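Trainee: In UniProt numbering, the protein residues as written are 1 to 86.
A virtual CB, placed ideally from N, CA and C, is assigned to each residue, including glycine.
Note that this is a predicted model, so its numbers are computed, not measured.
One structure is given below, represented as structure tokens, and several questions about it will come after.
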Amino acid sequence: MSALTMMNMSMHEEAMIPKLAVQAFRNAFEQACASSEVVYTEQHKLVRHLPDGEKVFLKDTGHAYQSIQPQQRQVMKRRKKQETAI
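As structure tokens, this is what we get:
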């Protein structure tokens with residue numbers, strides 16, 4: 001079992017965590033593409049990326065995606081408090 005250590009971070013350091021996570025994933029993906037065959041989706045298409053940089057189109061996955069129409073959110077309003085005379 002491992003113990004977690006609480007780390008004190010500034011607001012700036014805490015805000016950088018998502019950016020660093022995306023950058024780490026991007027670097028890992030590029031290393032994986034350079035060393036072995038990778039299959040992923042790109043612009044509604046299933047693509048096989050070979051280590052030599054060649055991309056092979058496998059299948060159109062556009063039918064698997066659904067277009068969602070944006071709906072307006074219902075805005076909730078506070079009721080005005082009625083003052084009672086005593």
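Cβ of V38 within 9 Å of Cβ of F29?
Mentor: Yes, Cβ-Cβ distance for V38 and F29 is below 9 Å.
Trainee: Roughly how many whole angstroms lie between the Cα atoms of C33 and T41?
Mentor: Distance between the alpha carbons of C33 and T41 is about 14 Å.
Trainee: Can you give me the Cβ contacts of Y65 inside the same chain, cut-off strictly under 8 Å, excluding the 5 residues immediately before and after it?
Mentor: If we look at Y65 and ignore the five residues flanking it on each side, its Cβ neighbours are H44.
Trainee: So if DSSP puts H44 in a beta bridge, which residue, or which two residues, is it bridged to?
Mentor: H44 pairs with nothing; no bridge assigned.
Trainee: Using the DSSP secondary-structure output, state which residues sit across from residue 88 in a beta bridge.
Mentor: Given a span of 1 to 86 for the chain in the structure shown, any question on residue 88 remains unanswerable.
Trainee: Which one of H63, T61 and S35 has the shortest CA to CA distance from G53?
Mentor: Nearest C-alpha to G53: S35.
Trainee: Please report the straight-line C-alpha distance between L46 and S67, rounded to a whole angstrom.
Mentor: When rounded, the distance between both Cα atoms is 19 Å.
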